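Start counting the sequence shown at 584; every next residue gets the next number (the numbering used here).
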Amino acid sequence: MKYISTRGKAEALGFEDVLLTGLATDGGLYVPEVLPRFTKEEIASWRGLPYAELAFNVMYPFVEGAIPEDTFRKMVRETYGAFAHQAVAPLVQIDSNEWVMELFHGPTLAFKDFALQLLGKLFDYVLQKRNKRVVVLGATSGDTGSAAIEGCKHCKNLDIFILHPFQRVSDVQRKQMTTIVGENIHNIAIEGNFDDCQGMVKASFNDQSFLQGKTSLVAVNSINWARIMAQIVYYFHASLSLGGPDRSISFSVPTGNFGDIFAGYLARNMGLPINQLIVATNKNDILHRLISKNQYSVEKLEHTLSPSMDIMVSSNFERLLFDLYGRNGSALSAVMNSFQSGPTSIDAARWTEARKLFDSYAVNDKETCLTIAEVYEATEELLDPHTAIGVRAARECRRDKSIPMVTLATAHPVKFPEAVEKSGVGVSPQLPPHMSDLFEREERYTVMPNAVEAVKTFILENTQHD
Ligand SMILES: *Cc1c(COP(=O)(O)O)cnc(C)c1O
């Protein structure tokens, strides 16, 4: 399998190289040159498989040629075998023909574990094979950082540096990152906000000369293709659990960077019958504005009760635009350049196409809390605020009640106690047993000023070289 850049200029790469890069050299994102397609019969033959075996079948075409079958099968089994629920991604019914798929049974209690646990194993394999060391660098508003550190903690050939905004992540989120102690793990709390952290990461990737040629940077945010790949699997899992592929089902996906829902779009293009795909946003609604009004513009960041979706720009949307523009790299570059310089819109025919693919809805904090309460009162299922946004959007946008509707439950409510408390349900979410001592574990992190040079120096000084 070869991967090409959305901007059409960078060279095509194989899976291993795509895994170890961030953006393409032309500023684009990597996507598969040709998407694998499965027949209905093939998909139907996977009914009843354990999650890991299904995951192997769905993902293997993406890594074929780079990783031997047995090796990849072992990685996938180990990854999903470590989840705390036998079903890995259990479906819980919350109304007639309506479900949530719990994607929070991994080690850090958010869906990001599905991809980042596997990513750690992929890094280990490829880096050992190449006898190479790298630096993993990422910024987090909370969930990515802990999942990335947990996924990479056993990797021998890398150092990981995660920047989070000082005092702006929840206690559980911070503890999950800073209590994983290891020589190669570095948590940096930046005296700034998430955008400052992300800005520093971008600047470091753009000019890696500070590493003095001793190593190179690898990305763990969702611009990394391997993350998207791992997220395609659970769409197949949900469908097969609810009568697919003979019937089609709908999904509602709480969205920030457009990574998780893009995986659903790919599942559909790979042959899975999906009816509606609903983009559910909070007040940071760039995607909803685009899909509902063809308005593509950056607005001020709003801090909400669903902080993992507090973004101004959704980086993975570029991957969809690439398809909408007929996979024409120069046409896409023109759109992205126009977007860079101010509010814009996309070509009317392509916008109409986008509206056929997706529905969208934006949910404010008040509706988020009301939905947590509504679902708790009806079912005793306690939703986290991101999932509640998904459920609200599902209920607002649903067109056909005879089609099963599945909302992706992206995090465990214990990670976001503030929203649960504000919803007035009168219960507080508890840490699952395997984590009940989280608050007693020792923390280790370094507070640094909002200054990129200081961070670069810190990285260089704390990187292990050969
Ligand atoms: C990251 C995250 C999201 C958003 O996912 P994207 O892939 O960025 O759209 C939603 N909910 C939770 C809990 C998250 O951690």
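Just so it is clear, CB atoms sit at the ideal spot from N, CA and C, and this is done for glycine as well.
Note that the structure is a prediction, hence the values are computed from the model and not measured.
Per DSSP, GLU616 lies in no beta strand (DSSP E) segment and is marked neither H nor E. Looking at the DSSP output, VAL862 sits in a beta bridge with VAL836 and SER943. Considering only GLN750, PHE834, PHE793 and TYR818, the residue with the shortest C-alpha distance to ALA850 is TYR818.
Taking 7 Å as the cut-off, the Cβ atoms of LEU884 and MET895 count as close. No Cβ-Cβ contact shorter than 7 Å links PRO926 with SER898. The stretch 712 to 720 and the stretch 739 to 757 touch, with three or more beta-carbon pairs separated by less than 8 Å.
Per DSSP, reduced to three states, the secondary structure at ASN899 is coil, with no helix or strand assignment. Counting C-beta atoms within 10 angstroms of its own C-beta, SER588 has 16 or more neighbours from the protein chains shown and is therefore classed as buried. Only buried fits ASN865, as 16 or more other CB atoms lie within 10 angstroms of its CB. Within the same chain, Cβ atoms closer than 6 Å to the Cβ of SER921 are found at THR927, the five residues on either side in sequence being excluded. Here ASP742 carries a strand assignment [DSSP, helix/strand/coil]. With contacts defined by Cβ atoms closer than 7 Å, GLY591 and GLY912 form a contacting pair. Under the criterion of beta carbons closer than 8 Å, PRO1012 and LEU953 do not qualify as touching, at roughly 18 Å. Separation of the CB atoms of SER889 and MET988 is rounded to 20 Å, and the pair is thereby denied contact status at 8 Å. Taking the C-beta atoms as reference points, TRP808 is found nearer than 7 Å to TYR613.
Here DSSP, grouped into helix, strand and coil, assigns ASP829 to coil.
Considering only ASN840, ILE857 and ASN947, the residue with the shortest C-alpha distance to THR887 is ASN947.
Within the stretch 929 to 1001, the complete alpha helix (DSSP H) segments of 4 residues or longer fall at 931 to 940, 948 to 962 and 968 to 980, listed in chain order. Burial of GLU681 is indicated by the presence of at least 16 other C-beta atoms within 10 angstroms of its C-beta. Runs of beta strand (DSSP E) with 3 or more residues, each lying fully within the stretch 791 to 825, are found at 800 to 802, listed in chain order.
For LEU991, same chain residues with a beta-carbon under 8 Å away, outside a window of 5 residues either side, are VAL683, MET684, LEU686, PHE694, TYR817, PHE834, SER835, VAL836, PRO837, ASP843, THR970 and GLY973 in chain order.
For LEU720, DSSP records a beta bridge to PHE744 and ALA802. The Cβ-Cβ distance between TYR634 and TYR663 falls below 7 Å.
Using a Cβ distance threshold of 7 Å, VAL997 and SER943 do not count as a contacting pair. In the structure shown, the three-state DSSP call for MET853 is coil. For the pair ALA593 and ASP609, the CB atoms are nearer than the 7 Å cut-off. Within the DSSP bridge table, the entry for TRP682 names GLN676 and VAL989 as partners. Going by DSSP, ALA593 is part of no alpha helix (DSSP H) at all; its letter is neither H nor E. Residue burial is scored here from C-beta neighbours: THR727 has at least 16 other C-beta atoms within 10 angstroms and is therefore classed as buried. Per DSSP, reduced to three states, the secondary structure at MET584 is coil, with no helix or strand assignment. Relative to the non-hydrogen atoms of ligand 1, the Cβ of PRO837 comes within a distance shorter than 6 Å of at least one. For THR622, the number of other beta carbons within 10 angstroms of its own is below 16, and it is reported as exposed.
Note that the C-beta distance between MET584 and PRO615 is below 7 Å.
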